[in-house]
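What follows is a set of notes on a single structure, which appears directly below.
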Amino acid sequence: MEVAVENARETFSFIDLVCKGCSRAGTDLMIEYKSGPGSITSGTIKKQFIERDLFKANSLDEIQWRMKNTNLTKDKLVDWLTENRSNIEKLGVEKVKKLFPQHAIQINEGNFVDFLINKFKQESTYDKIFK
(Lines of atoms letter the chains of each structure in order from A and count residues from 1; the text may use other names and numbers.)
(Lines give C-alpha, C1' and ligand atoms only; values in the text may rest on other atoms or scores of the structure.)
Protein backbone atom coordinates (compact mmCIF):
# COMPACT_ATOMS: atom_id res chain seq x y z
CA MET A 1 0.00 0.00 0.00
CA GLU A 2 1.50 3.33 -1.01
CA VAL A 3 1.65 6.08 1.61
CA ALA A 4 1.76 9.83 0.87
CA VAL A 5 4.79 11.61 2.33
CA GLU A 6 6.10 15.16 2.12
CA ASN A 7 8.94 15.96 -0.25
CA ALA A 8 11.20 18.86 -1.17
CA ARG A 9 8.84 20.02 -3.93
CA GLU A 10 6.10 21.19 -1.50
CA THR A 11 3.83 18.44 -2.79
CA PHE A 12 3.40 14.84 -1.78
CA SER A 13 5.19 11.76 -3.06
CA PHE A 14 4.28 8.17 -2.46
CA ILE A 15 6.41 5.54 -0.75
CA ASP A 16 5.60 1.86 -1.23
CA LEU A 17 5.47 0.96 2.46
CA VAL A 18 5.93 2.65 5.83
CA CYS A 19 6.62 0.29 8.72
CA LYS A 20 5.74 2.10 11.95
CA GLY A 21 8.52 1.95 14.54
CA CYS A 22 10.64 -0.48 12.48
CA SER A 23 13.89 1.47 12.08
CA ARG A 24 16.83 0.72 14.36
CA ALA A 25 16.01 3.93 16.23
CA GLY A 26 12.39 2.88 16.69
CA THR A 27 11.13 5.43 14.16
CA ASP A 28 9.21 4.74 10.97
CA LEU A 29 11.00 2.88 8.17
CA MET A 30 10.22 4.03 4.61
CA ILE A 31 10.56 1.12 2.18
CA GLU A 32 10.70 1.51 -1.59
CA TYR A 33 10.46 -1.55 -3.84
CA LYS A 34 12.11 -1.54 -7.27
CA SER A 35 12.17 -4.38 -9.77
CA GLY A 36 13.64 -4.81 -13.23
CA PRO A 37 16.12 -2.99 -15.42
CA GLY A 38 15.23 0.64 -15.96
CA SER A 39 13.16 0.89 -12.78
CA ILE A 40 15.81 3.17 -11.27
CA THR A 41 17.07 6.15 -13.29
CA SER A 42 18.74 9.48 -12.57
CA GLY A 43 15.24 10.96 -12.35
CA THR A 44 14.17 8.31 -9.84
CA ILE A 45 17.16 9.11 -7.64
CA LYS A 46 16.33 12.83 -7.87
CA LYS A 47 12.60 12.62 -7.12
CA GLN A 48 12.36 9.58 -4.88
CA PHE A 49 15.70 9.32 -3.12
CA ILE A 50 16.90 12.93 -2.78
CA GLU A 51 13.70 14.99 -2.84
CA ARG A 52 11.54 12.47 -0.96
CA ASP A 53 13.59 10.05 1.15
CA LEU A 54 16.57 12.17 2.18
CA PHE A 55 14.27 15.18 2.63
CA LYS A 56 11.84 13.27 4.88
CA ALA A 57 14.27 11.13 6.89
CA ASN A 58 15.81 12.10 10.20
CA SER A 59 18.29 9.23 9.89
CA LEU A 60 19.55 6.94 7.14
CA ASP A 61 18.11 4.11 9.26
CA GLU A 62 14.65 5.30 8.17
CA ILE A 63 15.28 4.63 4.44
CA GLN A 64 15.39 1.27 2.70
CA TRP A 65 15.20 0.38 -0.98
CA ARG A 66 14.62 -3.29 -1.75
CA MET A 67 15.68 -4.11 -5.28
CA LYS A 68 15.47 -7.05 -7.64
CA ASN A 69 17.25 -7.10 -11.01
CA THR A 70 17.54 -3.29 -11.14
CA ASN A 71 21.22 -3.18 -12.15
CA LEU A 72 21.77 -0.30 -9.71
CA THR A 73 25.36 -0.23 -8.48
CA LYS A 74 27.10 1.95 -5.95
CA ASP A 75 29.04 3.63 -8.77
CA LYS A 76 25.87 4.35 -10.76
CA LEU A 77 24.22 5.83 -7.65
CA VAL A 78 27.24 8.09 -7.09
CA ASP A 79 27.10 9.20 -10.74
CA TRP A 80 23.40 10.07 -10.40
CA LEU A 81 23.89 11.85 -7.08
CA THR A 82 26.62 13.90 -8.76
CA GLU A 83 24.28 14.71 -11.69
CA ASN A 84 21.67 15.85 -9.18
CA ARG A 85 23.96 17.82 -6.87
CA SER A 86 21.77 20.94 -7.18
CA ASN A 87 18.95 18.97 -5.56
CA ILE A 88 21.26 17.87 -2.76
CA GLU A 89 22.17 21.55 -2.27
CA LYS A 90 18.47 22.26 -1.68
CA LEU A 91 18.45 19.80 1.22
CA GLY A 92 20.87 22.09 3.05
CA VAL A 93 23.79 21.60 5.36
CA GLU A 94 21.64 21.00 8.48
CA LYS A 95 19.85 18.04 6.85
CA VAL A 96 23.16 16.42 5.89
CA LYS A 97 24.42 16.94 9.45
CA LYS A 98 21.24 15.27 10.73
CA LEU A 99 21.72 12.30 8.39
CA PHE A 100 25.38 11.90 9.42
CA PRO A 101 25.43 13.13 13.05
CA GLN A 102 28.70 11.37 13.88
CA HIS A 103 30.38 13.62 11.28
CA ALA A 104 28.45 16.86 11.94
CA ILE A 105 31.55 18.74 13.07
CA GLN A 106 33.21 18.03 9.69
CA ILE A 107 30.20 19.12 7.60
CA ASN A 108 29.83 22.77 6.56
CA GLU A 109 28.28 24.98 3.87
CA GLY A 110 31.28 24.52 1.63
CA ASN A 111 31.45 20.72 1.68
CA PHE A 112 28.07 19.20 2.56
CA VAL A 113 27.11 18.18 -1.00
CA ASP A 114 30.44 16.49 -1.70
CA PHE A 115 30.38 14.96 1.78
CA LEU A 116 27.03 13.27 1.13
CA ILE A 117 28.07 12.05 -2.33
CA ASN A 118 31.38 10.73 -0.98
CA LYS A 119 29.62 8.85 1.84
CA PHE A 120 27.69 6.88 -0.78
CA LYS A 121 31.00 5.83 -2.36
CA GLN A 122 31.42 3.70 0.76
CA GLU A 123 29.92 0.21 0.60
CA SER A 124 28.69 0.49 4.19
CA THR A 125 26.56 3.57 3.45
CA TYR A 126 25.25 2.21 0.14
CA ASP A 127 24.46 -1.22 1.61
CA LYS A 128 22.64 0.33 4.56
CA ILE A 129 19.87 1.54 2.22
CA PHE A 130 20.05 -0.34 -1.07
CA LYS A 131 19.38 -4.06 -0.64
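Just so you know, the sequence shown maps onto residues 27 to 157 in our numbering. We put the CB at the ideal spot given by N, CA and C, even for glycine.
For residue 46, no beta strand (DSSP E) encloses it, and the DSSP letter there is neither H nor E. Counting along the chain, residue 141 sits inside the alpha helix (DSSP H) bounded by residues 138-145.
In the three-state reduction of the DSSP assignment, residue 149 falls in the helix class.
Per DSSP, residue 72 lies in no alpha helix (DSSP H) segment and is marked neither H nor E.
For residue 112, no beta strand (DSSP E) segment is defined; the enclosing uninterrupted segment is the alpha helix (DSSP H) at 111-117.
In chain order, 60, 61, 62, 63, 65 and 66 place their CB closer than 8 Å to the CB of residue 96, counting only its own chain and leaving out the 5 sequence neighbours on each side.
Per DSSP, residue 92 is one residue of the beta strand (DSSP E) stretching across 89-94. By the C-beta density criterion, residue 46 is exposed, having fewer than 16 other C-beta atoms within 10 angstroms. Annotation for residue 58: the continuous beta strand (DSSP E) segment containing it runs 55-61. Taking 8 Å as the cut-off, the beta carbon of residue 145 is found no closer than this to the beta carbon of residue 90. Contact check for residue 117 and residue 88: beta-carbon distance about 15 Å, past the 8 Å limit, so the pair fails to qualify. With fewer than 16 other Cβ atoms inside 10 Å of its own Cβ, residue 50 counts as exposed.
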